[in-house]
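J.:
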Amino acid sequence: MTFPTPGRKSLDGDNSFWPSKSKELPLYKDKPYSAEYSSSPKVVRRRKLIALIIAFFCFFYYVFLFGRAQNPNNTRGSKKDEDNGFFSSFFSVKPSISWEKRRDEVRDAFKISWAGYEKYAWGKDIYKPVSRTGMNMGPKPLGWIIVDSLDTLKIMGLDDELERARSWVKNELNYDMDYNVNTFETTIRMLGGLLSAHYLTEDDIYLDKATDLANRLMGAFDSPTGIPYASVNLHSHAGIKSHTDMGASSTAEVATLQLEFKYLSKLTGETLYWEKVENIMAVLDKNKPKGGLVPIYVNPDTGKYQGQLIRLGSRGDSYYEYLIKQYLQTDSKEQIYKEMYDEAVEGIKKYMVAQSVPNKLTYIGELPDGIGGNLSPKMDHLVCFVGGMLGIGATGGHNIDTARRMKWTTNQENDFRLAMELTRTCYELYNKSPTGLAPEIVYFNDAADSTKDFTVKRLDGHNLQRPETVESLFILWRLTKNPIYRQWGWEIFESFKEFALIPNSDAGFTSLNHVNKESPTFRDNMESFWLSETLKYLYLLFDDEHEEDLALDKIVFNTEAHPFPIFSMGSIFQTGWTRDGTISEPDIKPEGEKVETKVILEKIVKKVSDSPKSVVISSAVPKPAAPTSSK
Ligand code: DMJ
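Mapping to the working numbering: the sequence shown position 471 is 526, numbers consecutive.
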């Protein structure tokens, strides 16, 4: 008996790829021989016996069907194919899948990684699970792994572990160190981690630390244009230009700070953070990017894009992600970001989407020479966030059926279909690899005689336990409730267990050097996003309990998977710029007006307000801001 391979069917949200029951089991295709009607006791007994036998078979038939329908393991067409023969299936009837059990297995994987980290590297920024050691990035720990994991601990209900993490944050974490950190990474992982921990626990310690950190990061924005420098010194607050790339900052990095600083503004009532990050968007948009597509570098002194290379992989990715998320974060009121997002998506569809040969896998290539140049068939695994982004962008986080009943355009429908196609491609990056894990970079093949869809170069085959594919699976699962997304996520998780879990060790999971080898070697590093993103998204993919409190139309995940609430701007905040490049005077309300926040900490508001409020954006290119200090 054969079953369709899920990946080959169109995924239109209606489960149509599952085999229909009527075609599935020809169990009774031959009638039993019939006897003439008789009502003698012997015949009655015989009838009863036959009825019993039929009931017995009906029972197994039902169990078998139910097991099949619920057990999509049997639909795989890959290296993990099972024997789908009728008899073996019949006699090895599996109980229906418990997604709750699978969710708990993800939780167990998290616990194993966390326990290894606690035992061998507690408090350190870098964890090397193979050598069972840890290191700090600077003179003192930044809380890289602990802070990035706080909300996952809360979501998974790991209360004891969370208590130990909280106590470390409270007693050990001190950002006052003479050390240069990357502005973007520190914002998305540390500031984002603290803010979401505060959101989920309402514990003030996290907001206190977040505000202290944010004030130290403010110096990064002290460039002539307000486009932040790549790095900042945590002690002096001095912004530091990139030493490479002719001093340019990455476009994705400068445009992926907005959710964090705006949420902090909302929480504290301090408008400075809001103004600083909003200004970046105004300066970037003054370049009037063609097709909404932006080169991956921007010069912080001039605000001009640098180079031609356009891509949705490294240095380009979350620029696009934060366009739609900025729009959603403030309750879909800031139309300006939706406009920019829509333009970008049209540009992506027009200039960057292609299909591979032979299997027509839809992918997003790169434009090394900008729009008008050739499309390179290179795609980073990082690009796999796009499926989720397009899904959220089309539906606004609502279930697809609900969204389709609302105002629904052809563009939205096309975007959603593209979301599903790209996510299928990203799944295939795993499915077609000997380890079941995706490489870091692939090159799609488009020659007419290609026999395989993509090629992996020797140096591109590593796997860093990245989250983008499972992120999109989680989002599309929530939006469609199509079980194929759960099934694909489960296969990926099983591959992590098989190849990334260090055997005979209590140190946990690690990265791999090459996924295209049946016996891959370990790379001695566990990225913090394994805990903050990959395992969180897998957990939520199999989980039903957080559907309400972490509903996609109520929260936005920052790019490091830290959830923040969607909030109303109220009377304090507004969009302070228009798309012709001018920046309007912010209409800050008189002091004393009530701030609509769930938590306002008087002392924090005061601490922030005490720092020089130097930025009043009143011209197209704002003046350099005076250094801020909270020391
Ligand atoms: C994460 O730090 C974030 O998701 C970022 O936006 C991109 N890269 C990593 C995970 O791969």
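Note that beta-carbon positions come from the ideal geometry of N, C-alpha and C, so glycine has one too. Computed from a predicted structure; not experimentally measured.
Could you tell me the boundaries of the beta strand (DSSP E) in which Lys-183 lies?
T.: Taken as a continuous stretch (DSSP letters only), the beta strand (DSSP E) holding Lys-183 covers 181-183.
J.: Do you know whose CA, among Gln-410, Thr-357 and Ser-291, lies nearest Ser-505's CA?
T.: Checked all of Gln-410, Thr-357 and Ser-291; the closest Cα to Ser-505 is Gln-410.
J.: Could you give the residue range of the beta strand (DSSP E) that holds Gln-381?
T.: Not the beta strand (DSSP E): Gln-381 falls in the alpha helix (DSSP H), residues 372-384.
J.: Within the stretch 494-545, note down every full beta strand (DSSP E) run reaching 3 residues or more, in order along the chain.
T.: 496-499
J.: Kindly indicate which three-state DSSP category Asp-470 falls into: helix, strand or coil?
T.: helix
J.: State yes or no: is the C-beta of Glu-615 nearer than 6 Å to some heavy atom of the ligand DMJ?
T.: It does: the Cβ of Glu-615 is within 6 Å (strictly closer) of some heavy atom of the ligand DMJ.
J.: Tell me the rounded alpha-carbon separation between Asp-277 and Asp-456.
T.: 46 Å
J.: Can you tell me the Cα-Cα spacing of Ile-539 and Gly-294, whole angstroms?
T.: 46 Å
J.: Is any heavy atom in the ligand DMJ found nearer than 6 Å to the beta carbon of Arg-370?
T.: no
J.: For Asn-632, which residues does DSSP report across the bridge?
T.: One point to set straight first is that residue 632 is Trp, not Asn, in the sequence displayed. Answer is Ile-638.
J.: Hey, is Ser-626 close to the ligand DMJ, as in C-beta under 6 Å from one of its heavy atoms?
T.: Set against 6 Å, the gap from the CB of Ser-626 to the closest heavy atom of the ligand DMJ is not smaller.
J.: Do you know how far the Cα of Pro-196 is from the Cα of Asp-180?
T.: 6 Å
J.: Under 6 Å from any heavy atom of the ligand DMJ, does the C-beta of Arg-521 make it?
T.: Result yes, Cβ under 6 Å from the ligand DMJ.
J.: How many angstroms separate the CA atom of Asp-340 from the CA atom of Tyr-318?
T.: Spanning the alpha carbons of Asp-340 and Tyr-318 requires a straight line of approximately 22 Å.
J.: Please specify which runs of the alpha helix (DSSP H), each continuous and at least 4 residues long, are wholly inside the stretch 205-278, giving them in chain order.
T.: Fully contained in the stretch 205-278 are the following alpha helix (DSSP H) runs of length 4 or more, in chain order: 214-226, 247-256 and 259-272.
J.: Taking the DSSP output, what are the residues bridged to Arg-578?
T.: Ser-566
J.: Could you check how far apart the C-beta atoms of Asn-613 and Leu-314 are, in whole angstroms? I think they sit under 8 Å.
T.: 5 Å
J.: With C-beta atoms as the reference, is Asp-206 less than 7 Å away from Ala-252?
T.: yes
J.: Given a cut-off of 7 Å on the beta-carbon distance, is the pair His-569 and Gly-491 in contact?
T.: no
J.: Between the beta-carbon of His-436 and the beta-carbon of Ala-493, is there less than 7 Å?
T.: yes
J.: How many Å lie between Tyr-328 and Phe-628 at the Cα?
T.: 11 Å
J.: Mind checking whether the beta-carbon of Phe-612 lies closer than 6 Å to any heavy atom of the ligand DMJ?
T.: no
J.: From Gly-451 to Ala-606, what distance separates their C-alpha atoms?
T.: Going from the Cα of Gly-451 to the Cα of Ala-606 covers about 11 Å.
J.: Are there any heavy atoms of the ligand DMJ lying less than 6 Å away from the beta-carbon of Phe-564, as far as the coordinates show?
T.: False, no ligand heavy atom lies under 6 Å from that Cβ.
J.: Quick check: does the Cβ of Ser-505 come within less than 6 Å of any heavy atom belonging to the ligand DMJ?
T.: no
J.: Verify the contact flag: Phe-316, CB atom, against every heavy atom of the ligand DMJ, threshold strictly below 6 Å.
T.: Checking the Cβ of Phe-316 against the ligand DMJ gives no.
J.: Which residues in the same chain as Thr-242 place their Cβ atom closer than 8 Å to its Cβ, once the five residues preceding and following it in sequence are excluded?
T.: Leu-272, Thr-311, Leu-312, Glu-315 and Phe-316
J.: Taking the alpha-carbon of Lys-512 as reference, which of Lys-433, Thr-417, Lys-487 and Trp-463 has the nearest alpha-carbon?
T.: Lys-433
J.: What is the DSSP secondary structure of Val-749, counted as helix, strand or coil?
T.: Nothing about residue 749 can be reported from this structure: the residues present for the chain run from 56 to 686 only.
J.: Would the C-beta of Ser-305 count as close to the ligand DMJ, meaning under 6 Å from any of its heavy atoms?
T.: Ser-305 Cβ: outside cutoff for every heavy atom of the ligand DMJ.
J.: With Phe-619 and Thr-385 assumed to form a contact (beta carbons below 8 Å), what rounded beta-carbon distance in angstroms separates them?
T.: About 11 Å separates the two Cβ atoms, so there is no contact after all.
J.: Check whether the Cβ of Ser-373 lies closer than 6 Å to any heavy atom of the ligand DMJ, and answer yes or no.
T.: Yes, the ligand DMJ has a heavy atom inside 6 Å of this Cβ.
J.: For the alpha helix (DSSP H) that Asn-334 lies in, which residues bound it at each end?
T.: For Asn-334, the enclosing alpha helix (DSSP H) begins and ends at 326-340.
J.: Based on Cα-Cα distance, which residue from Leu-416, Val-349, Gly-193 and Gly-358 lies nearest to Tyr-406?
T.: Ranking the options by Cα distance to Tyr-406, first place goes to Val-349.
J.: Check whether the Cβ of Phe-577 sits closer than 6 Å to any heavy atom of the ligand DMJ, and report yes or no.
T.: no
J.: In or out: Leu-567 buried (at least 16 other Cβ within 10 Å) or exposed?
T.: Under the 10 Å beta carbon count, Leu-567 is surrounded by 16 or more other beta carbons and is classified as buried.
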